[in-house]
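Novice:
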Amino acid sequence: MQVKRVRNNFFYLVIALFLVACAAPLSDFESEKNVDESMRLPQAIVQVSSRWVPIQWHELPGWSENSKYGVSGAWKAWLKSCEMPATAMANLCADVRRLGLSSSDVQIAWMKEKLQPYRVENLQGQSEGLLTSYFEPEIVASRILRPGFTVPLYRPPANLGTRGPWHTRQEMDSVPQVKAKLRGHEIAYVTNPIDAMILQVQGSGRINMLEADGTQRKVRLAYAATNEQPYKSIGRWLLEQGERGSRDVSWAGIKDWQARNPQRTNELLWSNPRVVFFKEEAMKDTLEGPRGAQGVALTPESSIAVDRKSIPYGAPIWLVSNGGAGSIQKMVIAQDTGSAIVGAVRADYFAGWGQDAGEYANRVKQGLRMWVLWSK
4 MQVKRVRNNF FYLVIALFLV ACAAPLSDFE SEKNVDESMR LPQAIVQVSS RWVPIQWHEL
64 PGWSENSKYG VSGAWKAWLK SCEMPATAMA NLCADVRRLG LSSSDVQIAW MKEKLQPYRV
124 ENLQGQSEGL LTSYFEPEIV ASRILRPGFT VPLYRPPANL GTRGPWHTRQ EMDSVPQVKA
184 KLRGHEIAYV TNPIDAMILQ VQGSGRINML EADGTQRKVR LAYAATNEQP YKSIGRWLLE
244 QGERGSRDVS WAGIKDWQAR NPQRTNELLW SNPRVVFFKE EAMKDTLEGP RGAQGVALTP
304 ESSIAVDRKS IPYGAPIWLV SNGGAGSIQK MVIAQDTGSA IVGAVRADYF AGWGQDAGEY
364 ANRVKQGLRM WVLWSK
């Protein structure tokens with residue numbers, strides 16, 4: 004009787020161990036089979052100069068804390084991009100318009116349903132880059148040459164770009180034959196040559212134009228073309244001068260140095276051979292910025308310039324940056340580009356217009372990480 008009970012117990016023990024052994028792989032199989040499909044990530048996307056690596060929404064730095072503010076502020080800029088038929092993810096623009104007046108909670112829920120975040124990195128896997136900032140200066144100018152307004156700004160000359168790079172800044176200022184080509188193309192005159200340089204570096208400006216009859220009106224001088232010469236930073240040139248230069252290379256610092264060293268003004272200016280030519284535009288809406296390279300008006304603190312080899316125009320981006328100008332964690336829209344904006348993780352942040360925006364833009368030179376929010 005005792006032997007039979009032992010045999011029975013042994014039999015049940017063997018059966019139990021067998022079932023446990025069989026259950027383990029079955030459990031693993033079932034758990035793998037039941038993985039939530041929403042957690043499966045797509046493949047990386049390779050651009051000309053960058054790779055987009057997919058991540059989960061909760062992995063976005065600052066998303067849970069800042070998404071309500073960070074998304075709603077950029078929706079207006081996104082609507083602007085949707086005015087262009089060739090914008091990124093144009094198939095989603097109907098929804099973007101429909102949700103324009105919705106709450107941030109509704110907008111965020113829609114984004115998480117329709118979009119997939121991708122970390123932007125270069126082709127070597129580096130995801131850290133550089134953020135700078137630009138602005139639209141406000142400057143007084145004269146339509147005609149008059150006392151106090153002697154520094155010309157130009158429209159594109161007739162033969163620009165027909166034979167590769169045009170004349171340098173120095174040649175335009177000093178060679179009689181080149182100056183003759185520019186005669187009649189003056190669009191306005193400003194007081195200080197540094198103001199002219201600021202307009203050219205920023206690409207556009209709000210102008211309080213003094214007309215020939217003495218009246219004033221507000222216009223915009225917008226980017227039209229360049230002489231196709233390489234851009235060189237006059238701030239960097241000042242730093243390279245050592246004691247004869249200046250450590251303060253903000254625009255205010257550059258103006259101060261120029262006022263103390265007027266005999267070296269041309270040397271300073273000619274260190275940058277690139278010249279920007281302008282076209283005049285009416286100021287239809289003073290609350291809108293200049294048109295970026297995408298062809299839409301830029302939105303302060305929500306539009307950025309990018310390298311198109313990395314990110315297409317119209318793409319929404321979650322931008323994270325920390326540095327001397329403070330912390331930024333928000334959504335922005337890629338709507339512009341620039342000759343100095345080159346690289347997979349590189350952006351220029353549009354700060355707005357006027358003195359405050361200019362002072363802020365001068366402080367921004369700090370680390371950058373970006374995530375493209377792309378259609379699923």
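Just so it is clear: in the sequence shown, position 257 is 260 by our numbering, and no numbers are missing.
By construction, the Cβ of each residue, glycine as well, lies at the ideal position given by its N, Cα and C atoms.
(1) Going by C-alpha distance, which of 341, 237, 63 is nearest residue 372?
(2) Once you ignore the five residues that flank residue 234 on each side, which residues in its own chain have a CB closer than 7 Å to its CB?
(3) Figure out for me which residue from 148, 91, 85 has the closest Cα to the Cα of residue 103.
(4) Once you ignore the five residues that flank residue 335 on each side, which residues in its own chain have a CB closer than 6 Å to its CB?
(5) Identify every residue that forms a DSSP beta bridge with residue 202.
(6) In whole angstroms, what separates the C-alpha of residue 270 from that of residue 205?
(7) Reducing DSSP to helix, strand and coil, say where residue 378 ends up.
(8) Hey, would you say residue 69 sits closer than 8 Å to residue 253, going by beta carbons?
(9) State yes or no: is the C-beta of residue 142 within less than 8 Å of the C-beta of residue 198?
(10) What residue range does the beta strand (DSSP E) around residue 189 cover?
(11) Quick one: grab the DSSP three-state call for residue 141.
(12) Give the range of the alpha helix (DSSP H) segment to which residue 229 is assigned.
(13) Below 8 Å on the Cβ atoms is my contact criterion, and I expect residue 156 with residue 353 to pass it. Report the Cβ-Cβ distance as a whole number of Å.
(14) Express the C-alpha separation of residue 369 and residue 72 in angstroms, rounding to a whole number.
(15) Straight-line CA distance for residue 190 to residue 146?
(16) Using DSSP bridges, identify the partner residues of residue 337.
(17) Closest Cβ-Cβ distance between residue 376 and chain D: below 8 Å?
(18) Mind pulling the beta strand (DSSP E) runs of 3 or more residues that sit fully within the stretch 230 to 293?
(19) Residue 170: buried (16+ other C-beta within 10 angstroms of its C-beta) or exposed?
(20) May I ask which residues mark the beginning and end of the beta strand (DSSP E) holding residue 146?
(21) Could you tell me whether the Cβ atoms of residue 249 and residue 260 are closer together than 8 Å?
(22) Going by the CB atoms, is the gap between residue 138 and residue 355 shorter than 8 Å?
(23) Could you give the first and the last residue of the continuous alpha helix (DSSP H) run that contains residue 69?
(24) In whole angstroms, what is the alpha-carbon distance linking residue 88 and residue 299?
(25) What residue range is occupied by the uninterrupted alpha helix (DSSP H) comprising residue 316?
Specialist: Here's the rundown:
(1) Position 369 of the sequence shown, counted from the start, is the residue given in the question as residue 372. Cα-wise, what sits closest to residue 372 is 63.
(2) One-based indexing of the sequence shown puts residue 234 at position 231. Around residue 234: 275, 277, 342, 343.
(3) Against the sequence shown, residue 103 aligns to sequence position 100. Taking only the C-alpha atoms, the option nearest residue 103 is 85.
(4) In the sequence shown, the residue the question calls residue 335 occupies position 332. Here the set comprises 77, 305, 307, 320, 322.
(5) Translated into positions along the sequence shown, residue 202 becomes position 199. DSSP output for residue 202 lists no bridge partner at all.
(6) Taking the first residue of the sequence shown as 1, we reach residue 270 at position 267. Taking the first residue of the sequence shown as 1, we reach residue 205 at position 202. Distance between the alpha carbons of residue 270 and residue 205: 21 Å.
(7) Along the sequence shown, one-based indexing puts residue 378 at 375. If DSSP states are grouped into helix, strand and coil, residue 378 belongs with the strands.
(8) The residue labelled residue 69 in the question sits at position 66 within the sequence shown. The residue labelled residue 253 in the question sits at position 250 within the sequence shown. It is not a contact, given that the beta carbons lie outside the stated cut-off.
(9) For the purposes of this step, residue 142 is taken as the residue at position 139 of the sequence shown. For the purposes of this step, residue 198 is taken as the residue at position 195 of the sequence shown. Contact flag set, yes.
(10) The residue you call residue 189 lines up with position 186 of the sequence shown. Unbroken beta strand (DSSP E) run through residue 189: 189 to 193.
(11) Here the question's residue 141 lines up with position 138 in the sequence shown. In the structure shown, residue 141 sits in a strand (DSSP, three-state: E or B).
(12) For the purposes of this step, residue 229 is taken as residue 226 along the sequence shown, with counting starting at 1. Segment 219 to 229 is the beta strand (DSSP E) holding residue 229; no alpha helix (DSSP H) there.
(13) On the sequence shown, residue 156 is found 153 positions in, with the first residue counted as 1. On the sequence shown, residue 353 is found 350 positions in, with the first residue counted as 1. Rounded, the Cβ-Cβ distance is 22 Å, inconsistent with contact.
(14) Reading the sequence shown from its first residue, position 69 is the one you call residue 72. Reading the sequence shown from its first residue, position 366 is the one you call residue 369. Roughly 22 Å separates the two Cα atoms.
(15) Locating residue 190 in the sequence shown gives position 187, counting from the first residue. Locating residue 146 in the sequence shown gives position 143, counting from the first residue. Those two C-alpha atoms are separated by around 7 Å.
(16) Stepping through the sequence shown from its first residue, residue 337 is reached at position 334. DSSP output for residue 337 lists 307 as bridge partner(s).
(17) Protein chain content of the structure displayed is limited to a single chain, and chain D is not contained in it.
(18) 279 to 285
(19) On the sequence shown, position 167 is the one that residue 170 refers to. Counting Cβ neighbours within 10 Å, residue 170 comes out buried, since at least 16 surround it.
(20) Locating residue 146 in the sequence shown gives position 143, where the first residue counts as 1. No beta strand (DSSP E) holds residue 146; DSSP gives it neither H nor E.
(21) Within the sequence shown, residue 249 is the residue found at index 246, counting from 1. Within the sequence shown, residue 260 is the residue found at index 257, counting from 1. Their beta carbons are under 8 Å apart, which means residue 249 touches residue 260 by this criterion.
(22) By 1-based counting over the sequence shown, the position of residue 355 is 352. By 1-based counting over the sequence shown, the position of residue 138 is 135. The answer is yes: Cβ separation under 8 Å.
(23) Along the sequence shown, read from residue 1 onward, the residue named residue 69 stands at position 66. Where residue 69 is concerned, the enclosing alpha helix (DSSP H) stretches over 66 to 84.
(24) Start at 1 with the first residue of the sequence shown, and residue 88 comes out as number 85. Start at 1 with the first residue of the sequence shown, and residue 299 comes out as number 296. Rounded to the nearest angstrom, the two C-alpha atoms are 12 Å apart.
(25) Here residue 316 is taken as the residue at index 313 of the sequence shown, counted from 1. Taken as a continuous stretch (DSSP letters only), residue 316 belongs to no alpha helix (DSSP H), as it is neither H nor E.
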